[in-house]
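Worksheet: one structure, shown below.
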Amino acid sequence: MANAQVLHAKGLCHSLVICNQYVTQSIMAEGQSTLLLRKQLADLKKNPVEGFSAGLIDDDDIYKWEVLIIGPPDTLYEGGFFKAHLYFPKDYPQKPPKMKFISDVWHPNIEKNGDVCISILHEPGDDKWGYEKANERWLPIHTVETILISVISMLADPNDESPANVDAASEWLTCGSSLSAPGKFGEEQSAAGDDA
Amino acid sequence: MGNCFWKIMGNCFSSPTSDDISLLRGSNERMGPRDSTISDHLGPPPPYVSHEDEDHAYMYFPSPNVSRPASQLTEEEQIRIAKRIGLIQHLPSGVYDGSKKIRECVICMIEFVVGDHVRYLPCMHTYHVDCIDDWLMRSLTCPSCMEPVESALLTSYETN
Chain A
44 MANAQVLHAK
54 GLCHSLVICN
64 QYVTQSIMAE
74 GQSTLLLRKQ
84 LADLKKNPVE
94 GFSAGLIDDD
104 DIYKWEVLII
114 GPPDTLYEGG
124 FFKAHLYFPK
134 DYPQKPPKMK
144 FISDVWHPNI
154 EKNGDVCISI
164 LHEPGDDKWG
174 YEKANERWLP
184 IHTVETILIS
194 VISMLADPND
204 ESPANVDAAS
214 EWLTCGSSLS
224 APGKFGEEQS
234 AAGDDA
Chain S
12 MGNCFWKIMG
22 NCFSSPTSDD
32 ISLLRGSNER
42 MGPRDSTISD
52 HLGPPPPYVS
62 HEDEDHAYMY
72 FPSPNVSRPA
82 SQLTEEEQIR
92 IAKRIGLIQH
102 LPSGVYDGSK
112 KIRECVICMI
122 EFVVGDHVRY
132 LPCMHTYHVD
142 CIDDWLMRSL
152 TCPSCMEPVE
162 SALLTSYETN
């Protein structure tokens, strides 16, 4: 079917070499994203990265990932395990995935519903709030690994300039890291976390 | 160069009542019935046409967070996008010759194979043509070093 569309599109704008190329390209995008995500999944299975583990929510859908993040040491999240989902678009890596924590996480840059608000998951372009530099935005060379490394670093070091959870941000600003509300920062906080 | 660029682009975008825009629009309308003949015995495909628009009509990016099919672009946006396509098409490209210096396209993470079409950005980073062109339509920066392609290109023109 895809081939029929390519040929048909070619027939219609045969003189438009460039348009032609882009039509074909959009059809190819799905194959490319599938390949790339499969490759990353295989790489992560073979060489796991410290700090998180990753897999698919459903083995038949390469576009939906489930990750388990270990609360970074020496942070309020230490000792906790945080489950999150990544939803990749069909035109990944040209567009970023969306990330949502399934575990409750109390953090200035994570919405109360779990949506992660981090600049590298935002598409490049005019920044309507004026907070993000272009070089901190999404790039097509980001992988599950680089995204999670950024998210883990965000857990340790929140960006208080553009909070997604204003209440968490104001607590962070007023109490800073002296804030001790065990359990508040993650529902899956373990016993070790409560001791801290 | 300018001439040939506008000749190419003129086809695609410039005239407001452009045949080619309606041609692009037409291509989707006409694709529907053709597909239905293929899938006749599979049952009626009514919601398919609109679905296909979303999935397969090439989307343009008048500004990076906004994507629209060619039929819904303003004239100003068409001109801006045409200029961008022209600029991208003039970046040097070539065929991978098996050089050991660059091995992999960091966008698709696939190793270059001799004969692959590659594009060289002014910062000398190299990608598959298909991988990088799609990105440059959204953002005119090198994904590896984030150097703005446009200004780098101008600088290289000035120094030559």
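Just so you know, the sequences run in chain order A and S.
Sequential numbering from 44 applies to the first sequence in my numbering.
Sequential numbering from 12 applies to the second sequence in my numbering.
Cβ coordinates follow ideal geometry from the N, Cα and C atoms, glycine included.
Which of the three DSSP states, helix, strand or coil, is assigned to residue i?
i	result
Ser155(S)	coil
Arg79(S)	strand
Ala127(A)	strand
Asp203(A)	coil
Glu40(S)	Confidence is the limiting factor: at Glu40(S) the pLDDT is only 42, short of 50, which leaves the residue's position unreliable, though a coordinate-based value still follows. Glu40(S) falls in the helix class under three-state DSSP.
Trp215(A)	helix
Val140(S)	helix
Ser8(S)	Any answer about residue 8(S) is impossible in this case: the structure gives chain S only from 12 up to 171.
Gly105(S)	strand
Leu111(A)	strand
Val181(S)	Given a span of 12 to 171 for chain S in the structure shown, any question on residue 181(S) remains unanswerable.
Tyr106(A)	coil
Ser132(S)	The amino acid at residue 132(S) is misidentified as Ser; the sequence shows Leu. Looking at Leu132(S) - three-state DSSP - the assignment turns out to be coil, as it is neither helix nor strand.
Lys88(A)	helix
Lys111(S)	coil
Met197(A)	helix
Ser76(A)	helix
Ser162(A)	helix
Ser96(A)	strand
Ser61(S)	Caution is warranted here: a pLDDT of 46 is assigned to Ser61(S), below 50, making its placement in the model unreliable, and no coordinate value can be reported.
Val148(A)	strand
Glu121(A)	coil
Ile184(A)	coil
Asp30(S)	Only weak support exists for where Asp30(S) lies, its pLDDT of 41 falling under 50; the coordinates are left without a value.
Lys94(S)	helix
Glu161(S)	helix
Glu122(S)	strand
Answer yes or no: does any C-beta atom of chain S fall closer than 8 Å to that of residue i?
i	result
Leu182(A)	yes
Ile161(A)	no
At a CB-CB cut-off below 7 Å, which residues of chain S make contact with residue i?
i	result
Leu79(A)	Cys119, Met120
Starting from residue i, find everything on chain D with Cβ-Cβ shorter than 7 Å and list it in chain order.
i	result
Lys82(A)	Protein chains A and S are contained in the structure displayed, whereas chain D is not.
Among the options, which has the Cα closest to the Cα of residue i?
i	options	result
Ile242(S)	Met135(S), Phe123(S), Tyr138(S), Ile143(S)	In the structure displayed, chain S extends from 12 to 171; residue 242(S) sits before or after that span and is not available.
Lys133(A)	Met197(A), Asn208(A), Thr77(A)	Thr77(A)
Tyr138(S)	Leu151(S), Ser150(S), Met120(S), Arg149(S)	Met120(S)
Val187(A)	Asp103(A), Glu109(A), Asp200(A)	Glu109(A)
Leu87(A)	Glu214(A), Pro136(A), Thr189(A), Trp181(A)	Thr189(A)
Asp145(S)	Ile113(A), Ala97(A), Ser96(A), Pro136(A)	Pro136(A)
Glu73(A)	Leu129(A), Gly122(A), Ile195(A), Lys138(A)	Lys138(A)
Cys160(A)	Ile184(A), Lys141(A), Asp147(A)	Lys141(A)
Met157(S)	Trp181(A), Leu198(A), Lys89(A), Val194(A)	Trp181(A)
Ile145(A)	Asn152(A), Gly157(A), Pro151(A)	Gly157(A)
His128(A)	Asp203(A), Ile105(A), Glu179(A)	Ile105(A)
Ile90(S)	Pro103(S), Gly105(S), Ser74(S), Ser104(S)	Ser74(S)
Tyr107(S)	Glu115(S), His101(S), Gln100(S)	Glu115(S)
Lys107(A)	Leu84(A), Ala199(A), Gln75(A)	Leu84(A)
Gly123(A)	His165(A), Asn208(A), Asp102(A), Gly94(A)	Gly94(A)
Glu88(S)	Gln100(S), His101(S), Tyr71(S)	Tyr71(S)
Asp200(A)	Asp103(A), Ile153(A), His165(A), Leu164(A)	Ile153(A)
Ile163(A)	Ile192(A), Trp149(A), Ala97(A), Asn90(A)	Ile192(A)
Ser196(A)	Lys82(A), Asp117(A), Ile100(A)	Asp117(A)
Leu79(A)	Glu122(S), Leu102(S), Gln100(S), Val77(S)	Glu122(S)
Leu147(S)	Ile118(S), Val124(S), Ala81(S)	Ile118(S)
Val77(S)	Ser162(S), Val160(S), Ser150(S), Pro159(S)	Ser150(S)
Val124(S)	Gln100(S), Ala93(S), Gly105(S)	Gly105(S)
Leu98(S)	Ser155(S), Tyr131(S), Pro154(S)	Tyr131(S)
Asp127(S)	Ile113(S), Cys134(S), Pro133(S)	Ile113(S)
Give the interface partners of residue i over in chain A, defined as CB-CB distance under 9 Å, in chain order.
i	result
Arg130(S)	Residues of chain A passing the Cβ test: none, with the nearest at roughly 13 Å.
Ser155(S)	Leu182, Ile184
Distance cutoff 8 Å, beta carbons only. Does residue i sit that close to anything in chain A?
i	result
Arg149(S)	yes
Run through chain S and tell me which residues come within less than 8 Å of residue i, C-beta to C-beta.
i	result
Pro167(A)	Pro75, Arg149, Ser150, Thr152
Which whole-angstrom value describes the C-beta separation of residue i and residue j, a residue pair presumed to lie in contact below a C-beta threshold of 8 Å?
i	j	result
Phe131(A)	Ile112(A)	Actually they are not in contact, since the Cβ atoms of Phe131(A) and Ile112(A) sit about 18 Å apart, beyond 8 Å.
Asn208(A)	Pro151(A)	6 Å
Tyr120(A)	Leu216(A)	With 8 Å as the limit, Tyr120(A) and Leu216(A) do not qualify as a contact, their Cβ atoms being about 18 Å apart.
Thr152(S)	Val160(S)	6 Å
Pro103(S)	Ile184(A)	The Cβ separation is near 21 Å, so there is no contact.
Beta carbon of residue i: closer than 7 Å to some heavy atom of the ligand SAM?
i	result
Pro139(A)	With respect to the ligand SAM, the structure offers nothing, as it holds no ligand at all.
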